[in-house]
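**Q**
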Amino acid sequence: MCLLTVPDGFRQGEPAVLVIALGSHDSFSYWVDEKSPVGPDQATAIKRLAKISLVKKLMKKWSVTQNLTFKEQLESGIRYFDLRVSSKPGEVEKEIYFIHGLFGIRVWDGLMEINSFLLQHPGEVIFLDFNHFYAMDDSHHLYLISKILKAFGSKLCPVQPVEKVTLQYLWELKQQVLIFYHYPLYQDYSFLWPGNKMPAPWANTTNVHKLLQFLETTLRERSQYGTFHVSQAILTPRVKTIARHLIRGLKNTLVHRNLPMILNWVKTQKPGVMGVNIITSDFVELVDFAATVIALNNLLLEGNRGVTKS
Numbered sequence: 001m002c003l004l005t006v007p008d009g010f011r012q013g014e015p016a017v018l019v020i021a022l023g024s025h026d027s028f029s030y031w032v033d034e035k036s037p038v039g040p041d042q043a044t045a046i047k048r049l050a051k052i053s054l055v056k057k058l059m060k061k062w063s064v065t066q067n068l069t070f071k072e073q074l075e076s077g078i079r080y081f082d083l084r085v086s087s088k089p090g091e092v093e094k095e096i097y098f099i100h101g102l103f104g105i106r107v108w109d110g111l112m113e114i115n116s117f118l119l120q121h122p123g124e125v126i127f128l129d130f131n132h133f134y135a136m137d138d139s140h141h142l143y144l145i146s147k148i149l150k151a152f153g154s155k156l157c158p159v160q161p162v163e164k165v166t167l168q169y170l171w172e173l174k175q176q177v178l179i180f181y182h183y184p185l186y187q188d189y190s191f192l193w194p195g196n197k198m199p200a201p202w203a204n205t206t207n208v209h210k211l212l213q214f215l216e217t218t219l220r221e222r223s224q225y226g227t228f229h230v231s232q233a234i235l236t237p238r239v240k241t242i243a244r245h246l247i248r249g250l251k252n253t254l255v256h257r258n259l260p261m262i263l264n265w266v267k268t269q270k271p272g273v274m275g276v277n278i279i280t281s282d283f284v285e286l287v288d289f290a291a292t293v294i295a296l297n298n299l300l301l302e303g304n305r306g307v308t309k310s
C-alpha cells in the first residue's frame, strides 16, 4: 500500500494534488470520554444539561463519527485525517486532547500511533489537518507544535508549491507527513502548511441530495492550482435532528441510510486538475468506501496512457 494507494503507472511522478485520497471526518472520534467534562466546543446549555449522566451517554452517540482507531484507519487506506483539538479547562498542564463534543485521547498518543505506522511503512505519506482549536492560547499552540515536531521530525514535509509534492520527491527526501495548521503561528514554522492550502467546504445539511449538489458545485469552483481540496461527503445533524432521534445516534439516523447514495456519487468522480482530490466520510468502514475511492485513480492512469499513445 502506498501514498494515496495509487496505481504503479504514475506512483512516482504524479502530484498528490491530482490523485484521489480517502480521508475520515473527525478522525479521532472513535473514542470519547463520557467521564470527562463536556468540551469547550459545546454551547453553555449543553454543558449544563451534561451534568446529568444520561446526557453524556446520549452525546456520545452523536459525537462518535468513526469506529476505527488511527492504526485501523491507516491500515484501511485512510491518508487524510481531520483533527479538532482542545486543552482541558481546569488542568494545570498544557496537555492537548482531540475533541468532538466530549474529549478524546491525548493528541500525543495519537501522533505516536500514526508515527508507529509510518516507521513500519516508509513509503507512506499522510495529511494531518489541524483545523479546529478550542480553549487554546499561543502557549498551548507552542506546546502542540513542539509535540508535532518531536513526533515526526525529519518526516515533516516543509511548505512548497503543491504541484511539486510527488511521491518520488517525498521518497527521495524521506518525508512522510504534511501538517496543515489553521492558526497564525503556522507562519513561524517551515513544516506547518497554512490552512488555506487545504480548503474543505462544508455543506452543513441533513439532506443527501443537497449534499451531493453542494459537492458538485464546490468541485466546479475548486482552484486549479496551488491548493489541495477536500470534498466532505458528510451529513450534519441539526438540533431538531438530534432531538427527534436522540437515542438512535448519528450512525443510525443519517449515515446508514444515506451512505450508499453518497458512495454512488463517489463512483462517478474523476481525478485530475478539477476533479476530486480528497474525500472524507463518517464511519469509513461501513461500505466499500476505501476500495471505491482508491480505484478511481485508475482513471488517471488510463488518461496518462492515452496521452502517451497520442
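Just so you know, full-length UniProt numbering puts 8 at position 8 of the sequence shown, and the rest follows in order with no gaps.
We put the beta carbon where it would ideally sit given N, CA and C, even for glycine.
In this structure, does DSSP put ASP188 in helix, strand or coil?
**A** Correct three-state label for ASP188: helix.
**Q** Determine the burial state of VAL17: buried for a count of at least 16 other Cβ atoms within 10 Å of its Cβ, exposed for fewer.
**A** buried
**Q** Under DSSP, the beta strand (DSSP E) around ILE114 begins and ends at which residues?
**A** DSSP places ILE114 in no beta strand (DSSP E) but in the uninterrupted alpha helix (DSSP H) bounded by 107-120.
**Q** Anyone know if the C-beta pair for LYS88 and TYR80 falls short of 7 Å?
**A** no
**Q** Would you call the region 268-283 and the region 219-234 touching, i.e. three or more CB-CB distances under 8 Å?
**A** yes
**Q** Indicate whether the contact test is met: 3 or more Cβ pairs, each with one atom in the region 59-72 and one in the region 19-30, closer than 8 Å.
**A** yes
**Q** May I ask which residues mark the beginning and end of the beta strand (DSSP E) holding PHE180?
**A** 177-181
**Q** For ARG178 versus CYS157, is the C-beta distance shorter than 7 Å?
**A** Arg is not the amino acid found at residue 178; the sequence shown has Leu there. Yes, the pair counts as a contact, with Cβ atoms nearer than the cut-off.
**Q** DSSP three-state label for ASN131, please.
**A** strand
**Q** Mark LYS56 as exposed unless 16 or more other C-beta atoms lie within 10 angstroms of its C-beta, in which case mark it buried.
**A** buried
**Q** May I have the straight-line CA-CA distance separating ALA135 from ASN298, to the nearest angstrom?
**A** 43 Å
**Q** To the nearest angstrom, how far is it from the Cα of VAL293 to the Cα of LEU74?
**A** 14 Å
**Q** Assign ASN258 to buried or exposed, taking buried as 16 or more other Cβ atoms, counted over all protein chains shown, within 10 Å of its Cβ.
**A** Under a 10 Å Cβ-count criterion, ASN258 is classified as buried, with 16 or more other Cβ atoms of the shown protein chains found around its own Cβ.
**Q** Tell me TYR97's beta-bridge partners as DSSP assigns them.
**A** SER86, ARG106
**Q** Suppose you measure from the CA of TYR143 to the CA of TRP108; what does that come to, to the nearest Å?
**A** Distance between the alpha carbons of TYR143 and TRP108: 11 Å.
**Q** Below 8 Å, how does it come out for the region 113-133 and the region 192-204: are there three or more Cβ pairs, yes or no?
**A** yes
**Q** Around the C-beta of ASP282, are 16 or more other C-beta atoms found within 10 angstroms, so that it is buried, or is it exposed?
**A** buried
**Q** Helix, strand or coil: which one does DSSP assign to SER231?
**A** strand
**Q** Hey, out of LYS47, GLU93, SER53, PHE28, whose CA is closest to LYS71's CA?
**A** Checking every option, the nearest Cα to that of LYS71 belongs to PHE28.
**Q** With distances taken from CA atoms, which of HIS256, VAL276, ILE279, ALA43 is nearest LEU286?
**A** HIS256
**Q** Assuming the contact rule is C-beta atoms closer than 8 Å, SER76 and VAL276 should be a hit. Round their C-beta distance to whole Å, please.
**A** Not really, about 19 Å apart at Cβ, beyond 8 Å.
**Q** Count the other C-beta atoms from every protein chain shown that fall within 10 angstroms of the C-beta of THR280, then say buried if there are 16 or more, exposed otherwise.
**A** Per the 10 Å Cβ criterion, buried.
**Q** What is the DSSP secondary structure of GLY195, reduced to helix, strand or coil?
**A** helix
**Q** Can you tell me which of ILE234, GLY226, GLU124, VAL230 puts its alpha carbon nearest to the alpha carbon of THR205?
**A** ILE234
**Q** Between MET59 and GLY104, which are expected to be in contact by the criterion C-beta below 8 Å, what is the C-beta distance as a whole number of angstroms?
**A** Contact doesn't hold; Cβ gap of about 13 Å is too wide.
**Q** Enumerate in chain order the residues of its own chain whose CB-to-CB distance from SER154 is below 7 Å, with the five nearest sequence positions on each side excluded.
**A** LYS174
**Q** Quick one: what's got a C-beta closer than 6 Å to LEU111's C-beta in the same chain, skipping five residues either side?
**A** ALA151
**Q** Does the beta-carbon distance from ILE20 to LEU296 come in below 7 Å?
**A** yes
**Q** Taking the alpha carbon of VAL273 as the reference point, which residue from PRO260, ARG248, LEU300, GLY249 has its own alpha carbon closest?
**A** If we check each option's Cα against that of VAL273, LEU300 comes out closest.
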